[in-house]
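In our numbering, the protein residues as written are 37 to 200. Quick reminder that beta carbons are idealized off the backbone N, C-alpha and C, glycines included.
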């Protein structure tokens with residue numbers, strides 16, 4: 037390969053990369069979405085830890101279980117609701133079992149099935165943490181936009197989620 041060939045090759049690669057890139061508005065919107073999401077998660081996590089002693093990832097588990105019928109879910113269902121891998125969910129549940137906030141229960145009809153269930157202590161912690169979390173969402177997100185902007189944002193994000 038001659039130097040001229042390398043220049044042509046690099047130019048072709050650069051040209052192709054530029055053609056395949058999203059437009060600048062797409063990239064700006066994507067980056068803004070990531071920055072806002074990361075910032076809000078960090079702030080909400082810090083508030084939950086400080087005011088209720090529960091990190092956001094633990095609260096999410098407790099919240100999903102509080103919504104479920106009988107306050108219990110199979111591990112795979114819980115992982116799906118949390119949008120995490122089953123192995124990650126297992127580690128989270130292990131930590132919550134140690135804190136006595138959830139327990140594992142074998143299904144009497146099929147011992148291979150394991151349910152994750154809220155304990156009474158876990159339910160109490162979730163209820164207390166919920167108010168901290170909801171107040172944080174309102175303070176750091178809800179008050180930053182008008183009702184019209186919130187409705188528009190919800191519509192756009194729901195449309196994107198429906199396409200996934």
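Excluding five sequence neighbours on each side, which residues of the same chain lie with their C-beta closer than 7 angstroms to the C-beta of residue 157?
Residues of the same chain with a CB within less than 7 angstroms of the CB of residue 157, apart from the 5 flanking positions on each side, are 136, 137 in chain order.
Alpha helix (DSSP H) runs contained entirely in the stretch 55 to 110, provided each spans 4 or more residues:
Segments of the alpha helix (DSSP H) lying fully in the stretch 55 to 110: 60 to 88, 92 to 103.
If you measure between the beta carbons of residue 152 and residue 142, is that distance less than 8 angstroms?
Going by C-beta atoms, residue 152 is not nearer than 8 angstroms to residue 142.
Roughly how far, in whole angstroms, is the beta-carbon of residue 162 from the beta-carbon of residue 102, given that I think they are within contact range, below 8 angstroms?
About 5 angstroms; that satisfies the 8 angstroms criterion.
What number of angstroms, rounded off, separates the C-alpha of residue 69 from the C-alpha of residue 100?
Cα to Cα, residue 69 sits roughly 24 angstroms from residue 100.
Can you name the residues that DSSP bridges to residue 153?
Within the DSSP secondary-structure output, residue 153 pairs in a beta bridge with 108, 139.
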